[in-house]
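Going from the sequence shown to this note's numbering is simple: count from 1 and add 805. The structure under discussion appears below in the form of structure tokens.
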Amino acid sequence: NSFWKVRGFIGLLTVLAVTLFILLIKFEFQVEWQGLLAFAALAVLAEALSVEIYVKKTSVSTSAVPFIAGLLLFGPIGAGVIGIGIAIAAWFKNRSPIHRLLFNMSNHVIGGLLCSLVMVIARDHISPNYTGLAQFIFSIIFGGLLFLSTTGLIAKVISIDKSVSMRVVWNENFHWLGPIYVAMGTLGYVLMLSFQSAKMLGVIAIIAPITILRISQLQYLERTKDLVKKLQVALNNQVESSREINMLNADLLDVLADVIDLRDPYVLGHSQNVARNAKRIAQEMGLPPEQVTAV
């Protein structure tokens, strides 16, 4: 059933995350632990202030900004430390079960390691004269990769759990996040430059635009939620009106049948008997309930 399928999928993701980390950790990346821990703390704070969306206990945050900056500077180590930090923050905030923690850890670490893999493959072909431009391009690519990887895996888990199409889940809940992740990739690049030029003061200075982006997310989601609520109310009213019309039609048919039967006492109840027999025949034929009702 879906319970074991979901946990099996999470187990596979965990194995994949660990395998990718072991394979990529051998590549040399300079790690300045003060900066890495600062980025991790900033990511944890951003995740703690995340905004919930329509899917139960699913949220979006600006944690991708320090995550991308950490990936640009520290590679796989940054993916592991910051990705796990984001997952733990979400776990504490939502009081989720342990399997959800494992999923979030694997999801973020896999996304970060995919970004690191791109950088490992490409960096030997980059001229030192174009390092700044290359890092900016990497930041945009990382935003796109994190968007596709993290939302895609969430959509896959939901599709397994609910037995619905992954594409439908993704289109309904996550496709609109693409431009936001690109913007967070750009801010990640700016955060990295600020740290390189001014260390911790640079990190503090960049918090302001990240906060503005978070407020924009919140406003967008609140407006979208209001629109969804209005659409749901309109749909419920429409369904209720349709139900009332169907009931009136059914009552009208009953009255007409009674009038026809009263014209001749020898066929009294004939219409009801025909309806019952027609219903039984339709059910024996295996017709769906709505067609049985129509018959």
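In this text, a Cβ means the ideal position worked out from N, Cα and C, and glycines have one as well. For clarity, every value in this text was computed on a predicted model and none was experimentally measured.
Give the straight-line distance between the Cα atoms of I903 and I965, rounded to the nearest whole angstrom. The residue given as residue 903 occupies position 98 in the sequence shown. The residue given as residue 965 occupies position 160 in the sequence shown. Taking the straight line from one Cα to the other gives about 18 Å.
Between the C-alpha atoms of L938 and H913, what's the straight-line distance to the nearest angstrom? In the sequence shown, residue 938 corresponds to position 133, counting from 1. In the sequence shown, residue 913 corresponds to position 108, counting from 1. Distance between the alpha carbons of L938 and H913 is about 25 Å.
Look up S1046 in the DSSP assignment and say whether it is helix, strand or coil. The residue you call residue 1046 lines up with position 241 of the sequence shown. Assignment of S1046 by DSSP, reduced to helix, strand and coil, places it in the helix class.
Under the rule that 16 or more other beta-carbon atoms within 10 Å means buried, what is A1099, buried or exposed? The residue given as residue 1099 occupies position 294 in the sequence shown. Taking every protein chain shown into account, the CB of A1099 has fewer than 16 other CB atoms within 10 angstroms, so this residue is exposed.
Check K861 in the structure and name its three-state DSSP category. Walking along the sequence shown from the start, residue 861 turns up at place 56. Any reading at K861 needs caution, since the residue's pLDDT is 45, under 50, leaving its predicted position unreliable; the model's value is listed next. The answer is coil: DSSP assigns K861 none of H, G, I, E or B.
Can you have a look at F897 and say buried or exposed, based on whether 16 or more other CB atoms are within 10 angstroms of its CB? Here residue 897 is taken as the residue at index 92 of the sequence shown, counted from 1. Here F897 is exposed. Its C-beta has fewer than 16 other C-beta atoms within 10 Å.
Using a threshold of 7 Å, is the CB atom of L1053 nearer than that to any non-hydrogen atom of the ligand SAM? Within the structure as shown, the ligand SAM is missing, as the structure has no ligands at all.
Below 7 Å CB to CB, which residues in the same chain sit around K862 once its five sequence neighbours on both sides are set aside? Here residue 862 is taken as the residue at index 57 of the sequence shown, counted from 1. For K862, the pLDDT reaches just 48, beneath the cut-off of 50, and the residue's location in the model is therefore unreliable, leaving the point undetermined.
Quick check: the Cα distance between R972 and L821, rounded to an integer number of angstroms? Translated into positions along the sequence shown, residue 972 becomes position 167. Translated into positions along the sequence shown, residue 821 becomes position 16. Rounded to the nearest angstrom, the two C-alpha atoms are 23 Å apart.
State the Cα-Cα distance for the pair Q1116 and S1047, rounded to the nearest angstrom. Lying outside 806 to 1100, the shown extent of the chain, residue 1116 is not represented and no answer is given.
Where G916 sits in the DSSP three-state scheme: Walking along the sequence shown from the start, residue 916 turns up at place 111. For G916, the secondary structure class from DSSP, reduced to helix, strand or coil, is helix.
Determine, using beta carbons only, whether G880 and M924 come nearer to each other than 8 Å. The residue labelled residue 880 in the question sits at position 75 within the sequence shown. The residue labelled residue 924 in the question sits at position 119 within the sequence shown. One thing to note: G880 has its Cβ within 8 Å of the Cβ of M924.
With distances taken between CB atoms, is the gap from L950 to G993 smaller than 8 Å? In the sequence shown, the residue the question calls residue 950 occupies position 145. In the sequence shown, the residue the question calls residue 993 occupies position 188. No, the pair does not count as a contact, with Cβ atoms beyond the cut-off.
Among the candidates L877, S855 and L878, whose CA atom is the shortest distance from the CA of A892? Numbered from 1 along the sequence shown, position 87 holds the residue referred to as residue 892. Looking only at L877, S855 and L878, the smallest Cα-Cα distance to A892 is reached by S855.
Candidates L817, V1079 and G983, of which the one nearest D1059 by Cα: Sequence index remark: in the sequence shown, residue 1059 carries index 254 (1-based). Checking every option, the nearest Cα to that of D1059 belongs to V1079.
Where E977 and S970 are concerned, what is the direct C-alpha to C-alpha distance, given to the nearest angstrom? In the sequence shown, counting from the first residue as 1, residue 977 sits at position 172. In the sequence shown, counting from the first residue as 1, residue 970 sits at position 165. Looking at the two C-alpha atoms, the distance is approximately 11 Å.
Assess, as a yes-or-no matter, whether the segment 1060–1068 is touched by the segment 1036–1043 under the definition of 3 or more beta carbon pairs within less than 8 Å. Because the criterion of three Cβ pairs below 8 Å is not met, the segment 1036–1043 and the segment 1060–1068 do not touch.
In terms of residues, what are the limits of the alpha helix (DSSP H) holding I963? Reading the sequence shown from its first residue, position 158 is the one you call residue 963. Counting along the chain, the alpha helix (DSSP H) containing I963 begins and ends at T936 to K967.
Spell out a yes or no on whether the segment 981–990 and the segment 943–958 are touching, meaning 3 or more CB-CB pairs, one atom from each, closer than 8 Å. Between the segment 981–990 and the segment 943–958, the count of C-beta pairs closer than 8 Å reaches three or more; the two stretches touch.
Run the CB neighbour count on A895, radius 10 Å, all protein chains shown included, and call it buried at 16 or more, exposed below. Position 90 of the sequence shown, counted from the first residue, corresponds to residue 895. Label assigned to A895: buried.
What span of residues does the alpha helix (DSSP H) with G880 cover, start to end? For the purposes of this step, residue 880 is taken as residue 75 along the sequence shown, with counting starting at 1. Counting along the chain, G880 sits inside the alpha helix (DSSP H) bounded by residues A869 to N899.
With a threshold of 8 Å on Cβ separation, who are the neighbours of Q1096 within its own chain once the five nearest residues in sequence on each side are excluded? Translated into the one-based positions of the sequence shown, residue 1096 becomes position 291. Once the five neighbours on either side are set aside, the close Cβ partners of Q1096 are A1087.
Rounded distance between the beta-carbons of T956 and W975, thought under 8 Å: Residue numbering aside, residue 975 sits at position 170 when the sequence shown is read from its first letter. Residue numbering aside, residue 956 sits at position 151 when the sequence shown is read from its first letter. Going by Cβ atoms, the distance from W975 to T956 rounds to 6 Å, so yes, they are a contact pair.
Under 6 Å Cβ to Cβ from F834, same chain only, skipping five residues before and after it: list those, please. Within the sequence shown, the letter at position 29 stands for residue 834. When the five nearest sequence neighbours on each side are left out, the beta carbons in the same chain lying within less than 6 Å of the beta carbon of F834 are those of F879 and G880, in order along the chain.
Three-state secondary structure assigned by DSSP to Q1077: Taking the sequence shown and counting its residues from 1, one reaches residue 1077 at position 272. Q1077 falls in the helix class under three-state DSSP.
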